[in-house]
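In this note's numbering, the protein residues as written are 2 to 348. Even glycine gets a Cβ: it sits at the ideal position worked out from N, Cα and C. Worksheet for the structure shown next.
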């Protein structure tokens, strides 16, 4: 019985010791807590976070209309994606709660089949401020097909050069190739615009088409422009190897046939020794023209009235013959006087 009382007293003492923590055999390691000390936890939460900034985007096109559905990607300074978003019905998009620094903004889609995306750009975010951005997407260029044709046959012609523009500004220059066509991209600044085309160089063998033509083009839409040319009129040139079939009349064929002023090289003497005044071997005489006409055509002054040269020559000849006959008769009638004799003595 005493032993039972002793064991109960020992158990009571052990329970009291566990409650009051006075047992000396309890391990000290089990009495320590694994949680961080209050001082360490307080130090980690005392450092304040930096002030955040934001980027506000407004999306428009070249005509000033807002563009919904444009997609953007925001990268940090290390190239890591930070934000991604799409413009709303008012063309707006905001990237909030951004740490200050430099970001890279990329447009991945314009959200419209008529517009191109813009190039990437850097954006600076400042603490506690909103950085506004207005981004304008350009219209897609119109696709131009140029054709040069013969105005009669419709044949495509190479070597035609045209300028295309609007107002006073030339936007595109095209030259047709060996197939008679050329293509290019025409910048467009609205959903529908008017342009002019003017030819500045015609194809070989064709006249230049001088008037200006007009046409309408839209963003990204194909358009065909056609210019026509007429062939250049040509006059056949004479062949220098072909001699003329007829010779001019009224002039001697050779200079030797024309009578000279000195009387040589003209009239040839007849076999009897007398000359025939009208026998002139020249084209004018063969044509029935007299000597007076021939001299006039050679550059002398024109004569008026009948030519008296034959009569004067004939009259002079008669006078010479008459004088000679009279002289002979006179000599016959006059007695001859004796000639003085030089050997006769003087009395």
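query: Can you have a look at residue 370 and say buried or exposed, based on whether 16 or more other CB atoms are within 10 angstroms of its CB?; result: In the structure as shown, the chain starts at 2 and stops at 348, and residue 370 therefore has no counterpart that could be examined.
query: Please confirm if the stretch 156-171 is in contact with the stretch 201-209, defined as three or more CB-CB distances below 8 Å between the two stretches.; result: yes
query: Return helix, strand or coil for residue 325, following the three-state DSSP convention.; result: helix
query: Excluding the five sequence neighbours on either side, which residues of its own chain have a C-beta within less than 7 Å of the C-beta of residue 185, listed in chain order?; result: 145, 173, 175
query: Using 7 Å as the threshold, is the C-beta distance between residue 99 and residue 129 below it?; result: no
query: Work out the CA separation of residue 169 and residue 90 for me, nearest whole Å.; result: 37 Å
query: Taking the beta carbon of residue 330 as the centre, do at least 16 other beta carbons fall within 10 Å, making it buried, or is it exposed?; result: exposed
query: Who are the near neighbours of residue 142 in its chain, counting only those whose CB is closer than 8 Å to its CB and skipping five residues on each side?; result: 186, 187, 188, 189, 220, 221
query: Looking at the secondary structure, which residues open and close the beta strand (DSSP E) in which residue 180 lies?; result: No beta strand (DSSP E) contains residue 180, which DSSP labels as neither H nor E.
query: Here's the rule: buried if 16 or more other CB atoms are within 10 angstroms of the residue's CB, otherwise exposed. What is residue 320?; result: exposed
query: Within the stretch 96-137, note down every full beta strand (DSSP E) run reaching 3 residues or more, in order along the chain.; result: 102-110, 122-126
query: Expressed to the nearest angstrom, what Euclidean distance is found between the alpha-carbon atoms of residue 154 and residue 147?; result: 18 Å
query: Is residue 121 closer than 7 Å to residue 103 when the C-beta atoms are compared?; result: no
query: How about residue 149 and residue 177: do their beta carbons lie closer than 7 Å?; result: yes
query: Note down the Cα distance separating residue 56 from residue 110, rounded to an integer number of angstroms.; result: 18 Å
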